[in-house]
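Student: Protein chains in written order, with the numbering used here: chain A, 1110 to 1408; chain B, 151 to 418; chain C, 370 to 798. Glycine is no exception: its CB is placed at the ideal position from the N, C-alpha and C atoms. Take a look at the following structure, please.
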Amino acid sequence: MKKDKKGTLHQRVNRLGWGFVLLSIVSIGVFVFYPMIQSFITSFKSGMGNNLEFNGLDNYKRLLTDQNFRIALKNTLIYLVVQVPIMLLLALVISVMLNSTKLKFRGLFRVAIFLPSITSLVAYSTIFKSLFTNDGLMNKLLLSVGLISEQINWLADPFWAKITIIIAITWRWTGYNMIFYLAALQNIDTQVYEAAELDGANAIQKFFNITVPLLKPIILFTSITSTIGTLQLFDEVVNITGGGPANATMTLSQYIYNLSFMYTPNFGYAATVSYTIVVLVVGLSLIQLKYGGDKREEN
Amino acid sequence: MRKIKKPLMYLFLIVASFVSIFPFIWMMISSTNKSVEVTRGSLTLGSNLLVNYRNLVSNTNFWQVFGNSAFVAIITTVLGIIASSLAGYGFELYRSKSRDRVFSIILMSMMVPFAALMIPLYRLISQMGLINNYLAIILPGISTAFLIFFFRQNSKMFPKEIIEAARIDGLGEVRIFFSIYMPVMKSAYSAAGIITFMSTWNNFLWPLIVLQSPNKMTLPILISSLGSAYTPDFGVIMLSIVISTLPTGVLFFLMQKNFVQGMLGSVK
Amino acid sequence: MKKILSLLTILAMALTIVACGTKEDSNSDEQKITIWAWDKAFNIAALEEAKASYLKENPDVEIEIVEYAQDDLMQKLNTGLNSGVTEGLPNITLIEDYRIAGILASYPDAIMNLSDIVKYDDFAQYKVANMTVDGKQYGVPFDSGVTAMFYRTDLIEEAGFTVDEIDKGITWDRFIEIGKAVKEKTGVAMLTLDPSDFGLVRTMMQSAGTWYTNEEGKLDLIGNEKLEKILATYNKLMESGIVNQHTDWAQFVGAVNEGKAATVPTGCWFASSISQEESQSGTWRIAPVPKLADVADSTGYSNSGGSSWYVLNKVGNNELAADFLAKTFAGDVDLINTLVEKINLVTTYLPAATAENNTKENAYFSNQKIFELFGEWTEKIPPVKYGMNTYAIEDLLEIEYQKIDTSGISIEEVLKNTDAQAKSQLGIE
Chain A
1110 MKKDKKGTLH QRVNRLGWGF VLLSIVSIGV FVFYPMIQSF ITSFKSGMGN NLEFNGLDNY
1170 KRLLTDQNFR IALKNTLIYL VVQVPIMLLL ALVISVMLNS TKLKFRGLFR VAIFLPSITS
1230 LVAYSTIFKS LFTNDGLMNK LLLSVGLISE QINWLADPFW AKITIIIAIT WRWTGYNMIF
1290 YLAALQNIDT QVYEAAELDG ANAIQKFFNI TVPLLKPIIL FTSITSTIGT LQLFDEVVNI
1350 TGGGPANATM TLSQYIYNLS FMYTPNFGYA ATVSYTIVVL VVGLSLIQLK YGGDKREEN
Chain B
151 MRKIKKPLMY LFLIVASFVS IFPFIWMMIS STNKSVEVTR GSLTLGSNLL VNYRNLVSNT
211 NFWQVFGNSA FVAIITTVLG IIASSLAGYG FELYRSKSRD RVFSIILMSM MVPFAALMIP
271 LYRLISQMGL INNYLAIILP GISTAFLIFF FRQNSKMFPK EIIEAARIDG LGEVRIFFSI
331 YMPVMKSAYS AAGIITFMST WNNFLWPLIV LQSPNKMTLP ILISSLGSAY TPDFGVIMLS
391 IVISTLPTGV LFFLMQKNFV QGMLGSVK
Chain C
370 MKKILSLLTI LAMALTIVAC GTKEDSNSDE QKITIWAWDK AFNIAALEEA KASYLKENPD
430 VEIEIVEYAQ DDLMQKLNTG LNSGVTEGLP NITLIEDYRI AGILASYPDA IMNLSDIVKY
490 DDFAQYKVAN MTVDGKQYGV PFDSGVTAMF YRTDLIEEAG FTVDEIDKGI TWDRFIEIGK
550 AVKEKTGVAM LTLDPSDFGL VRTMMQSAGT WYTNEEGKLD LIGNEKLEKI LATYNKLMES
610 GIVNQHTDWA QFVGAVNEGK AATVPTGCWF ASSISQEESQ SGTWRIAPVP KLADVADSTG
670 YSNSGGSSWY VLNKVGNNEL AADFLAKTFA GDVDLINTLV EKINLVTTYL PAATAENNTK
730 ENAYFSNQKI FELFGEWTEK IPPVKYGMNT YAIEDLLEIE YQKIDTSGIS IEEVLKNTDA
790 QAKSQLGIE
């Protein structure tokens, strides 16, 4: 491979840099950004099916009085704030445990905990639904242990239905995030831990003072991708509670789907709701990048 | 102190594992049962496995669809991780202000719900003449902000000294990527491979929209159609799900040893 | 490095193979039609029979039947119609009756007008009502979703009531009375419901000839006395302690099969799900659904679900597609008769209502001639226009309905709030 030795080092690096990323930029530009811009334009139109007409900012104004939107937004944010931190912490703790060479059966634990993320949506939503019915296993267990005194209406009570969804998401995606942490942990030199142990550090100190800081890039990655995933939550809500009872668990994505395909389609307004998700995601991601990113990125 | 912690850890992991596996096991048991038994939530092995299998293959073109899914998933995964890792590496190792700005814009593409992109994308694909063509699924899937982000973050954890050393030794940049970066980042590539395969394999919405012929369909579409009936056969549905979960499971099993090897070994 | 290069070469070759994919052109002279539908055992099976029958007279025609889940089919249809891309759309598709008005309004000219090709007088009027716009008819009606109250004779008799009384048709108030006794004496709930599914409300509405919207498609919530009484009855039912709760289809079927419900007021298509539980054979009967006591025009006949066939205008050979439908589902009595037996079809094609298979006795259902009864009742279903926003309005109604419990509002307020939300959200009056 011949390099262009005539350019300065800086120019060469620059050309290489663009070379490495070119295919991706073109691909994303064509297949994501182009539709994204078209969709943004659509968000200013309204009408049934094909009869879309511009109506200025009316769609965005409609958001303000839309009860469904408010409920969906509230639910989505609740899931985000409660579920993501719990799940990531759980995944982190588990992956650290499974990284220890002294633990037996590590392989089995790993496969087991990862299994939920490849278990089919239909299968586990059916199971969750039957486990969490009024006379299902979950209630029977809790009653027999004495933790509750009467049945919890997991699926038809507005509060408990949300809890059920949170349990479902955590169950499904903890193993998935665990994989990322496990992969990253492989790149941490064990000598660092050995040195800390010689200094008298215990497990908790090692975790917070060594592991977490070294894993920061990956933690940031999972935090942002989980945020995006939860803000776009659709599958679990549609399949386990159907958004119910009475929209108590409905998310923004489900509302968009309803607007596009369940009701008489209003793709314009659906696009508008989609863009509120974009705004939320961009906002939250920027915050996370700022606090979790490299200091170098601030030049 | 240490002695108490170990058993607690094992207990925690055992409970976590059991909770994780249980639905999967129920799924396998259900695939051997009759539909009525499945809706009853039966936990005992039935004798309907062969019957369910026969119903599945005689009523649908299951294995053809399975092959289709495999074809699309494998190509998209391989091309995807190569293209995305090149980009992630490029963004991180050849940093520049303008490229960082481009990177932030690319990240934004993850943030739009697919439902909003679907119709304009469909029109675009139609203009390209790619409706009902697997390229319509593969091309958009080759580069995702998700993977680029993943590889970039992993590249941050990559020891740059090795690259400096290789440059001093006279190795070309592209050679460095393929002969040094890739082998060292085996665990990241394995993770990315599994995740990408999984998401392409289970990809439902876009293939549903863009594929038209029954003999080109992918697995999730077929399985979805099994459930939409006045009287669905839940035994058959569960069996189809079990079989469709196997490839990802097997892939994970094969790849997971890459999470175990330390980095020190591969560098030397 | 070499490994990667060879891998890439193989992939490049694979991709070029993929790229030279088959491009199927559809032009209007082609003798090919593509049909979309859901449910292998029901709609698809019906299509296979129709195809076989049509091919006897027209052996050169190619008919492709594609199966999708109903929601998936609607997504594909909406995406295709909205993006203006006709490539890949079918010639004929099945669409649920609750949804057709929305499709007709959203995509004018997309569906073919069949007024001159099909004899609409041959069909049950309630089906035709929903595919009529400005005096023109657009599809071919298919299955009847006529509702029945399926009930367990053994449980009813154990509680001290007679089959005679139920068969003649009771009122909802009486239903609740009987239900309490059944619960007390047998421990079994009277019926099983999904709290977030207002299907029963819809059934009640149609049985009384009313709906969320009126004939002109305008909201009919405020001041709709029938609807007020329906919601009051529904509320009484839910509060009476005789309802078993389920949360999805599988659980619904499971509950009935396991004997957790003494009655099932729902569409006739549920018969197959009930009869898959062999141990209960002979203990089931059907009766008209309960009436609303204090509502004028209240009948024991209603509809739940049901779909019809539609031809897409701008796709391929739509004349051929229309001919296919006209000669099969809109003209072939023998075909329909076969389907009655093969797939338990309850037809809305009146000339076939008296055909042979309809008069057979059904051992599972206490030797009643259930198809004869279904046919009779189908003709008595009050025609109601579903309008374009059934599911949307219902979702809004469900939110407000919850507030009866949580905020103690009245039913009039529920309707008033729903009306306000519907007006601001859906832009309808």
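Go ahead and label H615 (chain C) buried or exposed: buried means 16 or more other beta carbons lie within 10 angstroms of its beta carbon, across all protein chains shown.
Tutor: Buried is the call here.
Student: Within 10 angstroms of its Cβ, does Q1120 (chain A) collect 16 or more other Cβ (buried), or is it exposed?
Tutor: Exposed is the call here.
Student: Under a Cβ-count criterion, where at least 16 other Cβ atoms within 10 Å of its own Cβ denotes burial, should W213 (chain B) be classed as buried or exposed?
Tutor: Exposed, by the Cβ-count rule.
Student: From G1156 (chain A) to G1377 (chain A), what does the alpha carbon distance come to, in whole angstroms?
Tutor: The straight-line gap from Cα to Cα measures roughly 7 Å.
Student: Decide if T391 (chain C) is buried, meaning its Cβ has at least 16 other Cβ atoms within 10 Å, or exposed.
Tutor: Here the model assigns T391 (chain C) a pLDDT of 47, short of 50, so the residue's position is not dependable and the matter cannot be decided.
Student: Against chain C, does K1238 (chain A) count as a neighbour if the rule is that its beta carbon must be under 8 Å from one of theirs?
Tutor: Chain C, which has a Cβ nearer than 8 Å to the Cβ of K1238 (chain A), makes this yes.
Student: Here's a check: name, in chain order, each residue in its chain whose Cβ is nearer than 8 Å to the Cβ of S329 (chain B), leaving out the five neighbours to either side.
Tutor: Cβ neighbours of S329 (chain B) beyond the five flanking positions: L321.
Student: Grab the span of the alpha helix (DSSP H) containing K401 (chain C) for me, first residue to last.
Tutor: Note, K401 (chain C): premise wrong, no alpha helix (DSSP H); beta strand (DSSP E) at K401 to A406.
Student: Quick one: what does DSSP say I611 (chain C) is sitting in, helix, strand or coil?
Tutor: I611 (chain C): coil per DSSP, three-state reduction.
Student: List the DSSP bridge partners of F434 (chain C).
Tutor: In the sequence under discussion, the amino acid at residue 434 (chain C) is Ile, which differs from the Phe named in the question. For I434 (chain C), which the question treats as bridged, DSSP gives the partners C:I404.
Student: E465 (chain C) lies in the beta strand (DSSP E); which residues open and close that run?
Tutor: From DSSP, the beta strand (DSSP E) with E465 (chain C) extends over I461 to E465.
Student: Grouping DSSP H, G and I as helix and E and B as strand, with all else coil, what is N583 (chain C)?
Tutor: In the structure shown, N583 (chain C) sits in coil (DSSP, three-state: anything other than H, G, I, E or B).
Student: Under 8 Å between beta-carbons, which chain C residues line up against S375 (chain B)? List them in chain order, please.
Tutor: Going along chain C in sequence order, the residues near S375 (chain B) (Cβ under 8 Å) are W407, K409, E436, Y437, A438 and D441.
Student: With distances taken Cα to Cα, identify the nearest neighbour of F1163 (chain A) among A:L1329, A:I1386 and A:I1150.
Tutor: Residue A:I1150 is the option with its Cα nearest to F1163 (chain A).
Student: Does the beta-carbon of A1304 (chain A) have 16 or more other beta-carbons within 10 angstroms, so that it is buried, or is it exposed?
Tutor: When all chains shown are included, A1304 (chain A) counts as exposed.
Student: In whole angstroms, give me the CA-to-CA distance for R521 (chain C) and Y203 (chain B).
Tutor: R521 (chain C) and Y203 (chain B): Cα-Cα distance of roughly 34 Å.
Student: Closest to F354 (chain B) by C-alpha separation, out of A:L1230, A:L1197 and A:K1154, would be which residue?
Tutor: Cα-wise, what sits closest to F354 (chain B) is A:L1230.
Student: Tell me where the beta strand (DSSP E) around A732 (chain C) begins and ends.
Tutor: Careful: A732 (chain C) lies outside any beta strand (DSSP E) and carries neither H nor E.
Student: Any Cβ of chain A within less than 8 Å of the Cβ of T616 (chain C)?
Tutor: Taking Cβ atoms only, chain A reaches closer than 8 Å to T616 (chain C), which makes this a yes.
Student: Per DSSP, T632 (chain C) forms a beta bridge with which residues?
Tutor: Answer is C:Y520.
Student: Under three-state DSSP, which class holds I281 (chain B)?
Tutor: Coil at I281 (chain B), not helix or strand.
Student: Taking 8 Å as the threshold (beta carbon to beta carbon), is N198 (chain B) in contact with chain A?
Tutor: No, no contact with chain A.
Student: Comparing C-alpha positions only, which one of A:S1394, A:I1349, A:K1399 and A:L1342 sits nearest to T1242 (chain A)?
Tutor: Looking at the Cα atoms, A:I1349 is the closest of the given residues.
Student: Pick out whichever of A:L1398, A:M1359, A:Y1372 and A:Q1295 has its Cα sitting closest to the Cα of M1206 (chain A).
Tutor: That would be A:Q1295, whose Cα lies nearest to the Cα of M1206 (chain A).
Student: Quick one: residues in its chain with C-beta nearer than 8 Å to the C-beta of T555 (chain C), no 5 flanking neighbours on either side, listed in chain order?
Tutor: Answer for T555 (chain C): L524, E527, A528 and A631, listed in chain order.
Student: For I255 (chain B) and S1362 (chain A), I'd like the C-alpha separation in whole angstroms.
Tutor: Spanning the two alpha carbons is a distance of roughly 22 Å.
Student: Between which two residues does the beta strand (DSSP E) holding Y679 (chain C) run?
Tutor: First-last of the beta strand (DSSP E) with Y679 (chain C): S676 to V680.
Student: Just to make sure I have the definition right: I need the residues of chain A whose C-beta is within less than 7 Å of the C-beta of Y239 (chain B). Which are they?
Tutor: Within 7 Å Cβ-Cβ: F1129.
Student: Identify the residues that DSSP records as bridge partners of Q506 (chain C): which are they?
Tutor: In DSSP, Q506 (chain C) forms a bridge with C:T501.
Student: Answer with buried or exposed for L689 (chain C), where buried requires no fewer than 16 other C-beta atoms within 10 angstroms of its C-beta.
Tutor: Classification for L689 (chain C): buried.
Student: Counting pairs of beta carbons, one from the stretch 396-403 of chain B and one from the stretch 653-669 of chain C, are three or more of them closer than 8 Å?
Tutor: The stretch 396-403 of chain B vs the stretch 653-669 of chain C: no contact.
Student: Are D566 (chain C) and W580 (chain C) touching if we call contact CB-CB under 8 Å?
Tutor: Going by C-beta atoms, D566 (chain C) is not nearer than 8 Å to W580 (chain C).
Student: Taking only beta-carbon atoms, is S1253 (chain A) less than 8 Å away from chain B?
Tutor: By this cut-off, S1253 (chain A) is not an interface position.
Student: Classify V1190 (chain A): buried if its beta carbon has 16 or more other beta carbons within 10 angstroms, exposed otherwise.
Tutor: When all chains shown are included, V1190 (chain A) counts as exposed.
Student: Using the beta-carbon of each residue, which ones in chain A are nearer than 8 Å to A474 (chain C)?
Tutor: Simply M1157, G1158 and T1373.
Student: Short check: CB of M1145 (chain A) to CB of L267 (chain B), under 8 Å?
Tutor: Yes, they are a contact pair.
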